[in-house]
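Quick note: the sequence shown, position 92, residue 92 per the working numbering, numbers continuous.
Beta carbons are placed, not taken as given, at the ideal position from N, Cα and C, and that holds for glycine.
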Amino acid sequence: MTRPRTRQAGAPTRPPTRTDPRRPTAARTPTAARTPARPVRPVRPARPLRTPPQPPPHPTELFTERLLLVLSGQRPVHWAARHIAHTAFDDLTRLAELAPLTVNGRRPTVHRIGHYEPRPGVYEVFARIGTGPVLRALAFRLHLGADQKWRCTAVEVATPLG
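Below, the structure is given as structure tokens:
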């Protein structure tokens with residue numbers, strides 16, 4: 001028969017610590033007895049990966065997005081007013097009232113953008129815009145002004161036949 005264990009006076013209340021032979025010896029010694037042979041250097045955080053800087057978006061991409069937001073009714077016409085010159089603002093206002101790039105409340109997406117440069121400082125841009133199953137064409141012209149800012153000078157939207 002075994003006798004019940006009784007707690008001795010001054011004995012710790014927790015079980016004895018395990019010593020694992022796979023651990024380094026410093027882990028087995030009490031904290032007070034540890035004295036590092038050399039000073040411990042703080043661990044430096046890993047350097048973040050540097051991504052190469054991205055080139056700024058081409059003006060044709062910026063203007064395609066701006067016109068897309070206006071012609072789909074997501075932004076008002078005056079939001080793009082400072083980027084539109086001459087009679088193009090009137091054309092854009094007329095087109096925005098028709099909301100040609102809105103179909104059943106779906107947001108349009110740009111499928112492809114292309115451009116032609118007839119002379120330096122002038123781009124003729126064409127873009128395929130998809131709204132659900134329907135593809136539409138957006139065409140506009142950009143001119144680089146004397147102040148080195150691009151302005152849209154003509155806007156056209158081709159709607160599907162039918």
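Grab the span of the alpha helix (DSSP H) containing residue i for me, first residue to last.
i: threonine 93; result: 88 to 98
Taking the straight line between their C-alpha atoms, what separation do you get for residue i and residue j?
i: proline 118; j: phenylalanine 89; result: 22 Å
i: leucine 135; j: glycine 145; result: 32 Å
i: isoleucine 129; j: leucine 49; result: 36 Å
i: valine 155; j: leucine 71; result: 11 Å
i: alanine 137; j: threonine 93; result: 18 Å
i: arginine 107; j: glutamine 148; result: 32 Å
i: alanine 127; j: threonine 51; result: 30 Å
i: threonine 102; j: glycine 73; result: 7 Å
i: histidine 78; j: aspartate 91; result: 13 Å
i: glutamine 54; j: valine 110; result: 21 Å
i: proline 76; j: proline 42; result: 55 Å
i: proline 57; j: threonine 131; result: 23 Å
i: alanine 80; j: arginine 47; result: 41 Å
In or out: residue i buried (at least 16 other Cβ within 10 Å) or exposed?
i: tyrosine 116; result: exposed
i: alanine 99; result: exposed
i: threonine 19; result: exposed
i: threonine 13; result: exposed
i: threonine 60; result: buried
i: valine 40; result: exposed
i: threonine 17; result: exposed
i: arginine 141; result: buried
i: alanine 96; result: buried
Identify the continuous beta strand (DSSP E) that holds residue i and give its terminal residues.
i: proline 118; result: 109 to 119
i: valine 40; result: Valine 40 -> no beta strand (DSSP E), and no H or E assigned at all.
Could you name the residues that DSSP lists as bridge partners for residue i?
i: threonine 131; result: Val134
i: phenylalanine 63; result: According to DSSP, which records beta bridges pairwise, phenylalanine 63 is partnered with nothing at all.
i: alanine 139; result: Phe126 and Glu156
i: tryptophan 150; result: Leu144
i: valine 103; result: Arg106
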